[in-house]
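Remarks on the structure that follows.
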Amino acid sequence: MPGGGYVLPPFDSFFSFWRYVQLELAARNIQVGVAVLSYNLIPNARFPSPLHEAQSAIEYLIQSGVKSENVELVGDSAGCNLILQILSHILHPLPTLKPFEAMRFRGACLISPWVSPSGEIGAETFRRNSKTDVISSDDLLLWAEPSLLDLPDSALPFIEPAKAHEAWFSDIDRLAEHILITSGGAECMHEAHNYFHERHLKDYHSNGQYVVQKDGVHDEVLHEFALYNRPVGELAPLIVNWIATGFR
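Here the UniProt record's numbering is used: position 220 in the sequence shown is 220, and no number is missing along the way.
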């Protein structure tokens, strides 16, 4: 699930990184396919349109013979927001969409997840790290504005998962075998990631992992591939190892 604040298409580095992951797994005799969701963007589509498209894509894979327990949901930034929408819709079905059939995924990998588009969770860090991140807090708020505009209270936990009530993800353990969240210590969203992990994952998933990249920026692993087309730090190999472990 590519990011982009629901306003931008995926960058080339998104495809380069996941191709790297695919090849690294193949070198370990783990053969995987990579399916990328191309969802409609603002202003042509708003919530819950991307969720509906994601649900249709997953159902297509299942109907094609792929078992949900062999599916790793992976993404960055707003793509992670969409992954969390999928999990939320399974746990708390939106009345405007058909419910998901009960399923359990292999896992969910959330790279720099957009868990508080409003910037209100971890607001101090959100503003302070605008000086150190690759995306300013002002730009993030600008991208978030159309997603939050006229959003009904019932939809808030889907777009702003960090603000969901404490038990919202209490059954997340039954939806994914393992979960990985990564955060950069220098990114605007870092404190929101801390908050989301502490409030919604730490006590509810027995195989959840939270990794903070010291001085890392938003989606740093993708920027490595944009600049060098190869991993530079430790995060890319860590993600490969995490996925490989899930398929053993």
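Ideal Cβ positions, reconstructed from N, Cα and C, are used throughout, including at glycine.
As for any alpha helix (DSSP H) of minimum length 4 sitting wholly inside the segment 144-179, the runs are 156-159, ordered along the chain. Across the set V211, K163, G107 and L110, the C-alpha of V211 shows the shortest separation from the C-alpha of G185.
Spatial neighbours of V115 in its own chain (CB-CB distance under 6 Å, excluding positions within 5 residues in sequence) are listed in chain order as P161, A162, A192 and F196. As the crow flies, the alpha-carbon of P146 is around 25 Å from that of D12.
Taking 7 Å as the cut-off, the beta carbon of S130 is found closer than this to the beta carbon of C188. In this structure, the straight-line span from the alpha carbon of L140 to that of K214 is close to 21 Å. Around the beta carbon of R199, a 10 Å sphere encloses 16 or more other beta carbons of the protein chains shown; the residue is thus reported as buried.
F105 sits in a strand when the DSSP states are folded into three classes. With fewer than 16 other beta carbons inside 10 angstroms of its own, T245 counts as exposed. Distances from the CA of S38 to each of R106, Q63, P2 and E59 were compared; the closest alpha carbon is that of P2.
Nearest to A78 by alpha-carbon distance, out of R248, L51, F15 and G216, is L51.
In this structure, DSSP gives T132 a state outside helix and strand, which the three-state scheme calls coil.
Of the other Cβ atoms in all chains shown, 16 or more fall within 10 Å of the Cβ of Y6; this residue is therefore buried.
It is roughly 10 Å from the alpha-carbon of G122 to the alpha-carbon of R128.
By alpha-carbon distance to S183, the top candidate from D173, L222, A164 and K98 is L222. In the assembly as shown, H165 is an exposed residue. Its beta-carbon has fewer than 16 other beta-carbons within 10 Å. Only buried fits G4, as 16 or more other CB atoms lie within 10 angstroms of its CB.
For G208, the three-state secondary structure derived from DSSP is strand.
The segment 69-77 and the segment 99-114 touch, with three or more beta-carbon pairs separated by less than 8 Å. For G75, the enclosing beta strand (DSSP E) begins and ends at E72 to D76. Leaving aside the five residues that flank V134 on each side, the residues in its chain whose CB is nearer than 7 Å to its CB run, in chain order, V217, H218 and H223. Residue nearest to F158 within the set D171, L175, S88 and P113 is S88 (criterion: CA-CA distance). For the pair L201 and S170, the Cα-to-Cα distance works out to about 8 Å. If you ignore the 5 residues before and after S137, its C-beta comes within less than 8 Å of the C-beta of G119, F126, R127, N129, S130 and C188, all in its own chain and listed in chain order.
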